[in-house]
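Asks: Numbering (my numbering), first residue to last: -4 to 53.
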Amino acid sequence: MVLPLDLEDYEKLTDKVTKAVSFFGSIDVLVNNGGLSQRSLVKDTSIKVDKRLMDIII
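(1) Quick one: what's got a C-beta closer than 6 Å to Ser17's C-beta in the same chain, skipping five residues either side?
(2) Enumerate in chain order the residues of its own chain whose CB-to-CB distance from Val44 is below 7 Å, with the five nearest sequence positions on each side excluded.
(3) Compute the beta-carbon to beta-carbon distance between Lys11 and Leu31, rounded to the nearest angstrom, for a pair I have assumed lies under 8 Å.
(4) Cβ atoms of Ile51 and Glu6: under 8 Å apart, would you say?
(5) Beta-carbon within less than 8 Å of Leu0's beta-carbon, same chain only, minus the 5 sequence neighbours each way: which residues are those?
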């Protein structure tokens, strides 16, 4: 089962977990595969973009 999720939408995370548990009964394995990239030098990357990268990747 795949449950797409916008990693910046924290409020929907609980709903997705509830949906998975109701479908399977329990969660034995979770593959968390999400990310993005920014093509620029660190010195040229704004704090806003850097924060967004860290919020999603970490």
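Beta carbons: idealized from backbone N, C-alpha and C, even for Gly.
Replies: Short version:
(1) none
(2) Gln33
(3) The Cβ separation is near 19 Å, so there is no contact.
(4) no
(5) Lys7, Leu8, Lys11 and Gly29
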